[in-house]
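This report concerns only the one structure given below.
Number of protein chains: 2
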Amino acid sequence: MAGQVRDAARTRRALLDAAARSVVLHGAGVSLDLVAREAGVSKGGLMHHFRSKDELMAALADDLFDQFARAVEDRMDADDPRPGRRLRAYVRATFDDLEKTQDAVEQATLMATLSAFPEPARRVQERYRRWNRTLAEDGVDPQRVLVVLRACDGVSIAPLFEGQLGPEELASTRTLLLELASGTGPLVGDT
Amino acid sequence: MAGQVRDAARTRRALLDAAARSVVLHGAGVSLDLVAREAGVSKGGLMHHFRSKDELMAALADDLFDQFARAVEDRMDADDPRPGRRLRAYVRATFDDLEKTQDAVEQATLMATLSAFPEPARRVQERYRRWNRTLAEDGVDPQRVLVVLRACDGVSIAPLFEGQLGPEELASTRTLLLELASGTGPLVGDT
DNA sequence: GCTAACAAACCGTCTGGTCGGTACGCTTCC
DNA sequence: GGAAGCGTACCGACCAGACGGTTTGTTAGC
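These protein sequence lines map, in sequence, to chains A and B. One gets the working numbering by counting positions in the first sequence from 1 and adding 1 to each. One gets the working numbering by counting positions in the second sequence from 1 and adding 1 to each.
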């Protein structure tokens, strides 16, 4: 039922969750002690799982990316014959994430704060580049891909810079981006 | 020539510049001592100009925004009769900024890191919202405005997440966004 | 000479990281 | 099946250093 008293995997998960919450609340200034307490673990326990603060943050970054990658994969529509399926899945994942979270500011703050640490920043960059490469081979005009990706980036961090976005704004931008991600030719633009 | 030995304005400028450089290098963990040394001033001197770290960071945020606002104003084309002049100026300012800086990652890192401090984050949000309101009254279809703005946001922080963007990628996205910012009707999208 | 602009030493607090120790849980062997 | 043995998970006290901020002192400029 409640599981064992000792459960490394569970503890690790609790630590990562606690770290995420604490970072959101206290920015880069989070203390390991706080994270440990928040997870119901002693600081020694934390240090057992993550040998340094940098390592904890890196693990947190990896964790977030894994979740997002899975979200994209889940949103791939196998019945959709048109090219750009992965790009559209990416758009959906981005927006679903924002709509789901009560406070989208959290995610944005997290990513931004993590980027303030050397090792996590490196990993985020590496992962991001991989995404770009994958999405470029999706059969859509590269220019389109880039604009859509940039807009997704923008939508993701916008909460950080200007607070939570309105639902109607989110919805309208989402539709528009999905349309942009559906055409294959170059974008000429005008009405 | 070199000015006086004591020059408050000049010292303040030096401190802000040093703060910017140091924050980029050391993230939120910058020490006041380091910033002071980097500016060729003692810590006491720094504290004379900024009463706390938070205040220093807030001033830095304000400074960055002032610069950007001026850049946008400078790029307003008075001869352009079409609506959306300010939005296009915004796009130009965004891209010029990125192309000018040898290392665009700096700007992005700066903004992100600053957002990790409470007071600076507040100011950034306030300023950003003002921009949004101003740009919404520019005669362009609101949906267009939003996508363009989000894409600009994305282009700005992209360096943080995936490293410096290629010049041809920047150029092509720039053109595309300017086109998007030139139409007035709703965006239908397909080719 | 008086005030603003700095310098330099100082202090209490906090933080990341270490370390010796403890107790749980699984395996092994009888 | 249970006692022994053992590795891993975890605890909690501790430390050295750093950091933000204060205070006191000094000098330049009007």
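Heads up, the beta-carbon is just placed ideally off N, CA and C, and yes, glycines get one too. Here the structure is a predicted model, which means the values were calculated and not measured.
- Between residue 174 of chain B and the set B/100, B/134, B/6, B/19, the nearest pair of CA atoms involves B/100.
- Relative to the Cα of residue 96 of chain B, the nearest Cα in the group B/150, B/143, B/39, B/8 belongs to B/150.
- Close CB contacts of residue 51 of chain A within its chain, under the 8 Å cut and outside five residues either way in sequence, are with 16, 57, 60 (chain order).
- For residue 28 of chain B, there is no enclosing alpha helix (DSSP H), as DSSP marks it with neither H nor E.
- Secondary structure in the region 29–113 of chain B: the alpha helix (DSSP H) runs of 4 residues or longer, each lying completely within the stretch, are 33–39, 44–50, 54–75, 86–101 in chain order.
- Non-local C-beta neighbours of residue 109 of chain B in its own chain, meaning closer than 7 Å and more than five positions away in sequence, comprise 157, 158, 160, 161, ordered along the chain.
- For the 8 Å CB-CB criterion, residue 115 of chain A and residue 72 of chain A do not form a contact.
- In this structure, A/107 is the residue among A/107, A/148, A/155 with its C-alpha nearest to the C-alpha of residue 65 of chain A.
- Residue 145 of chain B counts as buried, since at least 16 other C-beta atoms from the protein chains shown sit within 10 angstroms of its C-beta.
- Counting only residues of its own chain and dropping the five nearest sequence neighbours on each side, residue 12 of chain A has a CB closer than 8 Å to the CB of 40, 42, 46, 50.
- DSSP places residue 157 of chain B in the helix class (H, G or I) of the three-state scheme.
- Sorting B/128, B/172, B/155, B/138 by C-alpha distance to the C-alpha of residue 67 of chain B places B/128 at the top.
- Secondary structure at residue 166 of chain B: coil, using DSSP grouped into helix, strand and coil.
- Neighbourhood of residue 163 of chain B in chain A, by CB distance below 7 Å: 126, 129, 130, 133, in chain order.
- The C-beta separation of residue 163 of chain B from residue 133 of chain A comes to about 6 Å, placing the pair in contact by the 8 Å criterion.
- For residue 114 of chain A, the C-beta contacts it makes with chain B under 7 Å involve 117, in order along the chain.
- Each residue's CA atom was taken as its position, placing residue 33 of chain A and residue 54 of chain A some 7 Å apart.
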